[in-house]
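>
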Amino acid sequence: MKKIIFDEEYNVEFPTKVGSLKLIVHLGPKFPLEKPTITVSPRIIHKWVDAAGLIVLAPGLTNYTIHSDLGRVVQVIRREFELDHSLILVDSSDSFSGNVATSSINNVITSLSNDIELFSLAKLTTAELLRLNNNVDCLDEFISELPSIEASNKSIENTITKIMDLANSNMSKEEPINNLRLEISKQLETIESYQKSYADLSTMYVQLSEKYSPQSISKNLKESALKSDEESERIAEQFLAGEMDCDKFLQVYIKSRTMSYTRKSKEERLNYQLKQLKKAGF
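Okay, so the sequence shown: first residue is 1 according to full-length UniProt numbering, each after it adds one.
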């Protein structure tokens, strides 16, 4: 690549079937944000080149982005022209919008007919080809009717239809999903209530287990027996002091002593059982 104007214009010369060609690469002020323009000189008849010699349909240019490799793009264009044996030079005195030799057009059509995407061009007359070249609207209409474009449009329409159907299906499921969400929320609240109740009952169970454990019962029996003994002594002191008659003394004293004896017996029996269990390894 030969530099003509630094960061603005470069030339690439190479041999082809029709002689030496030159690619003129022009970098705009916004390059690489905008794609470069590439012109071929002298002008040729090729499916990538317009009437002014500007390369417009090269894949690397039509799909150019800021990340594209310009050197690679130029190399692909050069390789295309070097290998294309159907290249025809445009006479400098006769622009493409004028009368091009019918034999030259026929040679191009013969070459294009080998391309499935551009096979429809082989059916067009010279006048129709010139009309396509000079009228952008006609060219757009012709391209839109190509089988591959129609297939792509149909595929896009089918995809849009599927997306719409999927969106409608999702919308129809919105209410059931919201209902399920509410139901799950209620169930979570119920579970939280059960968990709280379980925690309260577990605390109560621990407290009751401690309260009614054999050791606690034995301790309570011992304390109750001592209280009964103290109550018996108090009753006896009241009787000796003349504060209680004989009949009432016998009634309450015997009851208190009996209760003390019963509690002591239960305590001794329970302690004996606990010792036996401890010996047995429980």
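Positions of the beta carbon are idealized from the N, C-alpha and C atoms, including for glycine.
1. Among Thr65, Lys17, Val90, which one has its Cα closest to the Cα of Arg79?
2. Sort out for me which residues DSSP pairs Ser155 with in a bridge.
3. Does the pairing of the region 225 to 241 with the region 253 to 270 give three or more beta-carbon distances under 8 Å?
4. Are there any heavy atoms of the ligand NAD lying less than 7 Å away from the beta-carbon of Thr203, as far as the coordinates show?
5. Flag this pair as touching only if the region 22 to 32 and the region 6 to 13 have three or more C-beta atom pairs under 8 Å; answer yes or no.
6. Can you tell me the Cα-Cα spacing of Ser256 and Ser232, whole angstroms?
7. Does the region 60 to 74 come into contact with the region 26 to 38, if we say contact requires no fewer than three beta-carbon pairs (one atom in each stretch) closer than 8 Å?
8. Straight-line CA distance for Thr39 to Gly53?
9. Go ahead and pull the three-state DSSP assignment for Tyr205.
10. Report yes if the CB atom of Lys47 is closer than 8 Å to the CB atom of Leu57, and no otherwise.
11. Can you give the Cα-Cα distance for Glu183 and Thr190, rounded to whole angstroms?
12. If you drop the 5 nearest sequence neighbours on each side, which residues of the same chain put their C-beta closer than 7 Å to that of Gly242?
Judging by the given coordinates:
1. Lys17
2. None, per the DSSP bridge assignment.
3. yes
4. Only the bare structure without any ligand can be found here, which leaves the ligand NAD out of the picture.
5. yes
6. 6 Å
7. yes
8. 6 Å
9. helix
10. yes
11. 11 Å
12. none
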